Structure formats: structure tokens, C-alpha cells
Amino acid sequence: MTANNASDLPVVSDRLAKNAMRNVSERLIEMLLFAAAAVSVLTTIGIVYVLVSESIHFFQNVSIVDFLTDTQWTPLFDDAHFGIMVLVSGTLVSSFVALAVAIPMGTIIAIYLSEFANGKVREVAKPILELLGGIPTIVFGYFALLMVTPLLQKIFPELPGFSLLSAGLVMGIMIVPYIASLSEDAMRSVPMSLREGSYAMGSTRLHTAIHVVVPAAFSGLAASYILAISRAVGETMILAVAAGMQPNLTWNPMEPAATITSYIVQVALGDLPHGSIGYQTIFAAGLTLILITLAFNILGQWLRRKFRENY
Amino acid sequence: MQHAALTTEEIRALIAKGKMKDTIFKAVGLLCLAIGLLVIFLLVSDMVIRGSERLNLAFFTEFASRRAGQAGILSAWVGSLLVMTVTAFAAVPLGVAAGVYLEEYAKRNWITEIIEINITNLAAVPSIVYGLLSLGIFVYAFGFGQSILTAGLTLALLILPIVIVSTREAIRAIPAMIREGSMAVGATRWQTCRYHIIPYAMPGILTGVIIGLARAIGETAPIITIGALTFIAFLPPVPFTEVSPGVSAGLFDWLMSPFTVMPIQIFNWTSRPDPAFEVNAAAAGFVLMIMVLSMNAVAIWLRYKMRKNIKW
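Residue numbers (my numbering), protein chains in the order written: chain A, 45 to 355; chain B, 3 to 314.
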């Protein structure tokens, strides 16, 4: 029945009118659910607030120039130095070693699984990778200190008991599953038509994989590499256990050193009064860490957008 | 044309070289996978061999001690269990509610964009930063102190992105006809969610929660940062028992108690120069691995069962 004017519209029955309360409770529930979703925003705001406010206190006592250029990190000594480059060098060297292992190995595994492997191999490989990715990092730290370091010492007798090399290698193994699974997803989403065209021209599987599939999947590969870098830079326990916690400005992986993350752990293990300069250093270090991770993430976003292919 | 046409032998040689490169690469690929498998094997066998002498019932019922032979993981595994309970109670309602909101209620406006960007970013934040966040906010600003409650909330925030993403994936897998059928008989949005969407998404949500908890149980850095102790020789007070003459523990006193967790106990033992503690570290590491593996196995089994029961 068509309504020609308002009086033709059906009247809301009494029964439905009583359910007007429903609207109120529906709205309330929607607001509660929204609040839950907003917790993620609150968390980010909380992280930024905590890091920035404590760092502001810190930089009232230490100049930024000193922070960035001093070559010693001895915040708890009487003659305190606050050169963050000491910790950053440890972070960068260990991450570099880890990525030098993880990126080639992960990419090769991804290419193998997506282009070469048959179903049975894939069924065995996927659980292995998931298992590797599920091992707690403290167990990897144990592995690095008590198995990898003695092994490396047989090859390099002058290697000290704590070293960035040993920790970096194990960190690399830990990161391989991330790179392998994300890269493989990226490669599998490349349409078959590209591969078929390449095969039709007479190229081999390896040639197709390297010259057609990998460039086509590059934005996904770049995303996985950036995630791996973030993981490597933020990793704590493997380095805390196996690289020693001695701040040491070095670019040589065969030495022990502290990273930003292992320094924070070292401080947290001790006793620091709330508000002391030592307490504030961990937040300044954390801020540096977040800025480094942010820089890599922005680089990653730019890379993805630049190389994004639309099929 | 610059080249003369290739002879048949030359073509055959080119094809053979190409195929050899393929075979070499396949070998290299398998080798890389084998390295991964080797690492797992070496790790597990080392922990079993080195730690087997300490893996008896006393290990699970003894506190940590200065003497390696008597040190056990009682306070560690109890602490882990309690912290995981708090984490689950905090992360599941928050994560499921957030996932339901984003999938069922959210409009495509800038607020939703910001929330989604935040969730993606938080998944990439290093775990130690969560420790710093909790140190500043939960330990000092809220005054919860260095307690099980703080640890549970920290880990809940850490695994929140995992729970939210699995909730969303689980809800997306539900076909529209369920929603539409429910709306067609007059249910409100919340009634649809509560009686249809959430129950059908539950297996997927549970899988995600278990995977998140398996990750959380192995996290060390944030828990050290908020101040879990590395040497602890007592258990959190059991509710309604006597803690000192005439004083009995309240129902929630255990929440505010100092504590330790499994990964921290392993860290403490691994860091000691005394080789006798390596045995303990190996045994505890093995126990932790078993915990993590069984949680992952339960999650995989749940996912498998869920796929079997789907009737749409």
C-alpha cells in the first residue's frame, strides 16, 4: 500500500513502542564497543606520552648534542656520559648481522616454496617455519649463549664469550619465518599469467622466479623486509643473554656490546628510584628506539607505494 | 638480426644449463629449510640432553635456590599461570569487543581509519616499549606497582592486536545470510551479534586468543621492565589463607603480589656463570617450549575442528 500522505502510514503498534528502551541500550552497547576499539588509540597515545614526557625531563639535564655525539655511555657513573651512539651502534651491528642471514635465507625459502616446491614439501615446511617462529626468544638466547658461541669459538678462537656475532646469527634464524611467510604470500599473489608468459618465451623456472615473480612481488617483499628490520632492532632477550650488556661503541661484530634494548633490560634488573636520571635514560633510549622503528616503517610505506603493482 | 640462428646442439646445451641451475636452486632451497629444521632439532635435543637430569617432580615443586641442585620452577610456573589468567581476562573482552565494533558497527570514516592504523602500528612496536609504557602508567601513574596485575595488563595490551585481528577474520568468515536472516526476523544489531555472530566466530576467536597467549607466555622483556623479580622464593598469597598471625589474604591480594615468570627464571639461570645452573636453564627452557608448543597445538586442533563443523 502506497502512502500518499502522513495519515496513510501504518501506526506503530503499542508493543513496538514499549521497545523504545532498546534504542537506548543499543546505543550504550555501541559506545562500549567503540571504547574497546579506542583502547588501541589510547595505547599509542600512552606510549608517546610516557616516552616523551620522561625524555623531556631527561633532556633538561643532558643536552641533545651531547646525547647524539658523545662516544661513551656511562649514565650510572659519577662521571656520567650519555652518548646514545654507543647503544645505537650495538643495535645496528646486531641487526645487520641478523638481516644478512635472514633476508637471503628467508627469500630463498620463499622463492623455493612458492615456485618450486610440491604440495608434500610445503606441508612439511610450513609447520617447521611456524615452529621456528613460535620459539620464545629467551630460549633462542639460551641457544646463542650455550650452543652457538662455543661452536663459533671453534671457528674463530679469539671470539669472546659474549659477542654480537653469535647473538646476531641466532636473531637472523629467528627472523627467517617472518620473511619467508610474508614473502611467500606476496609471491603467490602474483598472477599466473605473468609466469605463463615467461615460460612461453622459453625461460626456466629459476629465471622466471628471479626476473619476473620477484620484481612483481617486490612491494610485498619490501614490506616483509621492513617488518624484519623492526623485529631485529626491537629484539631484546637474545642480545641481553648472548651479547653481554657492556656498552661498547664498536662496529665489529666479534665484540660484546649493549644495544638500546639490552640496556633497558639491564637497568630494569637493577634498582632505580623513580625520577632519577638513570630511570629517565631508559625512556630516552626507548624514544630513540621508537624513532628508529618509525623511520624504517615510513621508508617501508614509501617503498610499498612506489613499487606497488596493480593486477 | 645480429645473431645467426642457433644450432640444435647449442639450444640443447642452453636448456641443459638452465635445468641444471634449476636443480641447484632447488637443492639450495631445501638446504635452507634443512638449516631451519636443524636449528630446531639442535635446540630441543640440547635442552633435553642437558636438562634431563633435573626434570623430575621436585623441579616443579621447588622454589629457586642458590644451590642449583635444589632450584625449581614452582614460583615461575605459578607466576606464569596467574599472569596468563589476568592477560586472558583483560585481552579477550577488550579484543573481542573491539573486533565486533570494527566489523559490525564502524562506519568508514576517519575515526575508524585511525583506529585501524593504530592497531597495525601497535603490532609492530617492540615488546620492550610496552614494558616502558606500563612502567610509566600502570606501575607509577595508576599505582598498581610491580605486580601480577601490571604484568597481565601489559601482556594484554601486547597481544590485543592479535586478538582483534583474529576476531575480525573470524567474523568476516561468517556469511552475510546469517546476519541478514537475523535482521529479517527483527533482531537488533546487538542481538544479532550476541546470539549469532559471536557464537559462530568463537572457535576462530579462541584460536587467536590461544596463539596470543602462547606468544605472551614467552615474553620476557616487558615483564622485566615492569619489575618482575628474578629471584623469588614464595608464592602469591592464596585467597582466604593465613599470611601472618591473625591476617588472612583477601580475594585479590594475589593480584598485587610480587612474582616471577618462566622466561625470567630461565634468563636468571642462563646468566649465571656457574655451569650447574645451565642444567636448570635447559630443563626450564624445555618446560617452557612444551607449554608454548602445546598451546599452539591446541590452537591448530581447534582451527581444524572448526573447519569441519562449518555447515555453510
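Ideal Cβ positions, reconstructed from N, Cα and C, are used throughout, including at glycine. Computed from a prediction, not measured in an experiment: that's the story for all the values here.
Query	Result
Residues near Leu2/B by beta carbon distance below 8 angstroms, same chain, minus five either side	Only positions 3 to 314 of chain B appear in the structure, and residue 2/B is not among them; the question remains open.
Among Val85/B, Ile121/B, Glu105/B and Asn311/B, nearest to Arg191/B - alpha-carbon criterion	Glu105/B
Neighbour-count burial assignment, Ile75/B, 16 or more Cβ in a 10 Å radius	buried
Stretch-stretch touch, CB-based, cutoff 8 angstroms, three pairs: the region 299–310 of chain B with the region 200–216 of chain B	yes
Within-8 angstroms CB hit, Met3/B to chain A	Confidence at Met3/B is low in this model, with a pLDDT of 49, below 50, so the placement of that residue should be treated as unreliable; the coordinate-derived value is given next. No, no contact with chain A.
Nearest candidate by alpha-carbon position, reference Pro275/B, set Leu293/A, Gly288/A and Val220/A	Gly288/A
CB of Glu159/A within 8 angstroms of CB of Arg249/A, strictly	yes
Under 9 angstroms (Cβ pairs) to chain B, residues found in the region 93–121 of chain A	Tyr93, Val94, Leu95, Ser97 and Glu98
Partner residues on chain B for Ala169/A, Cβ-Cβ distance less than 8 angstroms	Leu35
Cα-Cα separation, Ile182/A to Leu208/A	16 angstroms
Boundaries of the alpha helix (DSSP H) in which Phe61/B is found, first to last residue	Leu59 to Thr63
With 16 other Cβ atoms within 10 Å as the buried cut-off, status of Trp112/B	exposed
Close-in-space but distant-in-sequence residues of the same chain around Ile268/B (CB under 6 angstroms, 5 per side omitted)	Ala283, Ala286 and Gly287
Chain E contact residues for Met291/B, given Cβ-Cβ distances below 8 angstroms	Among the protein chains of the structure shown, namely A and B, there is no chain E.
Members of the region 91–116 of chain B near chain A, C-beta cut-off 7 angstroms	Leu96, Ala99, Ala100, Val102, Tyr103, Leu104, Tyr107 and Ile116
Rounded Cβ spacing between Thr337/A and Ser274/A (contact assumed at less than 8 angstroms)	5 angstroms
Rounded distance between the beta-carbons of Ala142/A and Met215/A, thought under 8 angstroms	4 angstroms
The region 79–92 of chain A / the region 89–100 of chain B touching (three or more Cβ pairs under 8 angstroms)	yes
Below-8 angstroms beta-carbon distance, Val281/B vs any chain A residue	no
Neighbouring residues, chain A, relative to Ser273/B (Cβ below 7 angstroms)	Val285
Straight-line gap, Leu295/B to Met86/B (C-alpha atoms, nearest Å)	16 angstroms
Bridge partner(s) assigned by DSSP for Val249/B	Ser246/B
Range covered by the alpha helix (DSSP H) that runs through Arg14/B	Thr10 to Gly53
Beta-ladder partner(s) of His125/A, from DSSP	Thr118/A
Met22/B burial status per 10 Å Cβ neighbour count (16 or more: buried)	exposed
The ligand MG heavy atom lying under 7 angstroms from the CB of Trp346/A	In the structure shown, the ligand MG is absent, as is every other ligand, since no ligand is present at all.
Contact with chain A by Tyr306/B, beta-carbon distance below 8 angstroms	no
His125/A beta carbon less than 8 angstroms from that of Gln324/A	no
Own chain residues within Cβ distance below 8 angstroms of Cys195/B, not counting five before or after	Val102 and Glu106
Cutoff 8 angstroms: Ala73/B Cβ touching any chain A Cβ	no
Same chain only: Cβ atoms within 6 angstroms of Met218/A, ignoring 5 sequence neighbours per side	Phe184
Unbroken alpha helix (DSSP H) run spanning Asn105/A, endpoints	Ala64 to Asn105
DSSP state of Met45/A mapped onto helix, strand, coil	Note that Met45/A scores a pLDDT of 48, beneath 50, so its modelled location is shaky; the value from the coordinates is reported in the next line. Coil at Met45/A, not helix or strand.
Where Pro177/B sits in the DSSP three-state scheme	coil
Val131/B at chain A interface by Cβ criterion, 8 angstroms	yes
Whole runs of the alpha helix (DSSP H) within the region 192–255 of chain A, excluding any shorter than 4 residues	193–199, 208–232, 236–244 and 249–252
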